[in-house]
Every structure is written in C-alpha cells, then in structure tokens.
C-alpha cells in the first residue's frame with residue numbers, strides 16, 4: 181500500500197507522518213504542494229505544521245494549492261484522507277469536513293500529551309481501535325478549538341461523525357470536547373492531536389497513535405483480498 | 799549634434815505628457831477603485847483575542863471599555879470603477895477566501 185504525505189511550504193510533521201506510515205507497514209510517497217497528480221497513492225495524509233505561514237487563516241491558502249485540486253475530488257470519491265492538526269484545518273477550509281478550528285480559548289499554544297477517547301471506530305483510520313478506547317497522544321496547536329453551529333454539532337453527534345474526543349475537558353475550548361471528526365462517508369478524518377508522534381515508546385508518550393496508520397493499512401489489505 | 803538633442807528632448811516631453819495623462823486619469827478615480835472588506839468573527843464565536851485586549855484595556859485604566867471584538871480589514875485595489883459588477887466579484891472573493899463563513903461575517907464597501 182502506498183500512502184501519500186503532502187508537504188506544503190511550512191509543513192513540519194511530514195517526516196514523522198511518513199515514519200508512522202512505514203511503521204504501519206506501508207510505503208510513504210512524498211507529495212509536493214505543487215504536484216498536479218496524486219501518483220496513484222491509495223490514501224493521503226495532510227500533516228501538521230504551519231502551511232503558508234498560517235497567513236489569512238490556518239489552512240486557508242493551502243486549500244488552493246495545486247495538489248488540493250486533485251485531492252478534493254479524490255476524497256469525495258472515497259480516497260481515505262487523514263488530516264492531522266494543520267491538515268485538519270486544511271480539510272475544514274477545503275469544505276471536506278464541516279466546521280472550523282479557532283484560537284485556543286486561553287490564547288496559549290498548547291504542547292502536551294492528552295488523553296483521547298475513540299468515539300467512532302468504524303472509519304478506515306480508526307477501525308483498528310475499539311469504541312471507547314483511550315489513547316495518549318501529543319497535542320500541539322494554537323488554533324485547535326473546533327467550532328461549528330449547533331445544528332452542525334448536533335448532526336455530527338447524531339450520525340456518529342465525532343471520531344475522537346478529549347477524555348476530560350478540552351484543553352483548547354473545543355466545542356463538545358471534539359478532537360476529531362470524519363466526513364459523511366467516513367473516509368476523510370481530521371483531528372488536532374498528533375497520532376504520528378505516538379507510535380513507539382522511544383519517541384512518544386505511547387504507541388497509541390499507530391492504530392490510525394495500521395487501521396488504514398489493514399483496511400486496504402482487507403479490501404484487496 | 800543639436801538635432802539629436804532636440805529629438806531626445808521632444809521624446810522626453812512627449813513621454814512626460816503621456817505619464818501626466820495616465821496620472822490624471824488615476825487621480826480622477828476613473829480607472830482604479832478601492833474596496834474595503836471588513837471581517838469579524840460571528841457574535842456567537844468566542845473571541846479570546848478580543849477578551850485579552852479588553853483585559854489589557856482595563857489594566858491600562860480604561861475601565862469604561864466593556865467589550866472588544868477583534869477583526870480584519872482588507873483594502874483591495876481593483877481595475878475599473880467600483881460598480882455593481884466589481885463589488886459582486888469582491889463579495890464572491892470575500893465569501894470564498896477573505897472570510898470563512900463558518901465562523902466569520904464580512905461587510906464590504908467602495909472606499910471614498
């Protein structure tokens with residue numbers, strides 16, 4: 181399985197995302213923001229960082245990069261896409277996911293390990309977890325508070341599209357403790373915490389995050405069988 | 799050579815006249831318009847930056863300030879007059895790029 185990892189100007193976590201892909205047994209393929217094709221990859225990760233310097237709004241400029249013109253229709257057609265942190269912000273700006281990420285409630289940039297609870301273990305990125313499972317992964321963002329109108333939040337909850345939640349109070353003031361959500365079809369997942377920084381005990385607080393990458397690899401192998 | 803001097807003088811004055819005409823057209827406002835777009839967070843969206851400015855205002859002794867909301871102002875220069883068509887295009891741009899309608903609202907107007 182080949183998983184594309186997009187590098188935008190200002191991406192930071194593309195190397196860790198590619199490493200997580202390798203740990204999960206797939207081959208990472210580097211995609212550049214100016215690429216006009218996805219090189220036939222089977223899934224795509226939009227990594228964390230500060231694409232285009234977070235100019236205008238986080239993810240607002242990245243949304244218009246050439247690679248996104250390819251990614252948006254592919255995602256709508258079912259390609260598994262995972263947006264982590266800035267990647268989540270880009271997915272919201274590109275309208276692949278509803279809502280928006282706003283400034284942390286206390287204005288502080290938060291860098292710490294957080295406990296998450298898996299709410300939806302049916303997406304291709306979370307199928308390896310069980311519903312209710314706790315994960316310990318790092319959160320590092322200044323604009324991580326998920327916001328959407330009440331009707332959208334209600335619809336997300338009613339249709340099981342909240343993928344992960346902060347286990348206790350959301351440290352950033354995220355609406356209803358939401359840490360990550362998915363598209364209607366479930367193939368597009370975005371979350372603010374960083375599973376790619378928690379794939380082994382040597383470099384992360386746990387190996388809990390590896391499940392995101394292992395899940396999609398397992399799903400792909402199952403589909404190919 | 800006097801005729802060459804004359805030729806370059808003539809050319810220079812004619813260019814000056816041309817530049818003056820272009821400048822006059824711009825100055826009259828007939829060909830370049832400015833549009834102001836102001837973007838604010840929707841009232842129901844929490845604005846921690848505005849709150850921080852509010853508390854700083856109080857620390858500075860401006861106790862009568864009761865609320866601060868922080869937004870963005872864009873100044874756009876566009877070709878041609880700021881007529882209905884141009885404003886409609888700017889409105890589309892504001893909706894697509896300058897503001898995120900999920901959390902923000904905007905106003906726009908032609909600058910004087």
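Residue numbers (this note's numbering), protein chains in the order written: chain A, 181 to 405; chain B, 799 to 910. Backbone N, C-alpha and C define an ideal beta-carbon position, used for all residues, glycine too. In this text, all values refer to a predicted model and were calculated from it rather than measured experimentally.
Continuous beta strand (DSSP E) stretch holding residue i: start and end
{"i": "residue 225 of chain A", "result": "223–226"}
{"i": "residue 877 of chain B", "result": "869–877"}
{"i": "residue 326 of chain A", "result": "325–327"}
{"i": "residue 293 of chain A", "result": "290–298"}
{"i": "residue 270 of chain A", "result": "First-last for residue 270 of chain A: 266–273, but that is the alpha helix (DSSP H), not the beta strand (DSSP E)."}
{"i": "residue 836 of chain B", "result": "830–839"}
{"i": "residue 210 of chain A", "result": "207–212"}
{"i": "residue 280 of chain A", "result": "280–282"}
{"i": "residue 186 of chain A", "result": "182–187"}
8 Å Cβ cut-off: residues of chain B touching residue i
{"i": "residue 356 of chain A", "result": "Those within 8 Å of residue 356 of chain A in chain B number zero; the least Cβ separation is about 14 Å."}
{"i": "residue 350 of chain A", "result": "The premise fails here: residue 350 of chain A is roughly 12 Å from chain B at the closest Cβ pair, so nothing lies under 8 Å."}
{"i": "residue 359 of chain A", "result": "Near residue 359 of chain A there are no residues of chain B at all, since even the closest Cβ is about 17 Å away, more than 8 Å."}
Status (buried if at least 16 other CB within 10 Å, exposed otherwise) for residue i
{"i": "residue 303 of chain A", "result": "buried"}
{"i": "residue 289 of chain A", "result": "exposed"}
{"i": "residue 861 of chain B", "result": "exposed"}
{"i": "residue 841 of chain B", "result": "exposed"}
{"i": "residue 214 of chain A", "result": "exposed"}
{"i": "residue 831 of chain B", "result": "buried"}
{"i": "residue 244 of chain A", "result": "exposed"}
{"i": "residue 314 of chain A", "result": "exposed"}
{"i": "residue 201 of chain A", "result": "buried"}
{"i": "residue 204 of chain A", "result": "buried"}
{"i": "residue 184 of chain A", "result": "buried"}
{"i": "residue 292 of chain A", "result": "exposed"}
{"i": "residue 208 of chain A", "result": "buried"}
{"i": "residue 892 of chain B", "result": "buried"}
Under 9 Å from the C-beta of residue i: neighbouring residues of chain A
{"i": "residue 846 of chain B", "result": "282, 283, 284, 285, 286, 287, 325 and 353"}
{"i": "residue 906 of chain B", "result": "Per Cβ cutoff of 9 Å: no residues; residue 906 of chain B is ~16 Å from chain A at best."}
Within chain A, partners of residue i - CB distance below 7 Å
{"i": "residue 900 of chain B", "result": "279, 280 and 328"}
{"i": "residue 850 of chain B", "result": "287"}
Closer than 8 Å to chain B by CB, residue i
{"i": "residue 216 of chain A", "result": "no"}
{"i": "residue 237 of chain A", "result": "yes"}
{"i": "residue 273 of chain A", "result": "yes"}
{"i": "residue 240 of chain A", "result": "yes"}
Beta carbon proximity, residue i to chain A, threshold 8 Å
{"i": "residue 843 of chain B", "result": "yes"}
{"i": "residue 891 of chain B", "result": "no"}
{"i": "residue 895 of chain B", "result": "yes"}
For residue i: DSSP bridge partner residues
{"i": "residue 360 of chain A", "result": "A:344 and A:371"}
{"i": "residue 905 of chain B", "result": "B:836"}
{"i": "residue 261 of chain A", "result": "A:224 and A:368"}
{"i": "residue 229 of chain A", "result": "A:191"}
Residue range of the alpha helix (DSSP H) that includes residue i
{"i": "residue 319 of chain A", "result": "Looking at the DSSP string, residue 319 of chain A is not in any alpha helix (DSSP H); the run it does join, the beta strand (DSSP E), is 314–321."}
{"i": "residue 857 of chain B", "result": "846–857"}
{"i": "residue 393 of chain A", "result": "390–404"}
{"i": "residue 256 of chain A", "result": "246–256"}
{"i": "residue 339 of chain A", "result": "Element bounds for residue 339 of chain A: n/a, residue is neither H nor E."}
Chain B contact residues for residue i, given Cβ-Cβ distances below 7 Å
{"i": "residue 168 of chain A", "result": "This structure cannot settle anything about residue 168 of chain A, because the visible part of chain A is limited to 181 through 405."}
Chain-ordered chain C contacts of residue i [CB-CB under 9 Å]
{"i": "residue 365 of chain A", "result": "Included in the structure are the protein chains A and B, with no chain C among them."}
Neighbouring residues, chain A, relative to residue i (Cβ below 8 Å)
{"i": "residue 874 of chain B", "result": "Within 8 Å Cβ-Cβ: nothing; residue 874 of chain B doesn't reach chain A, min ~14 Å."}
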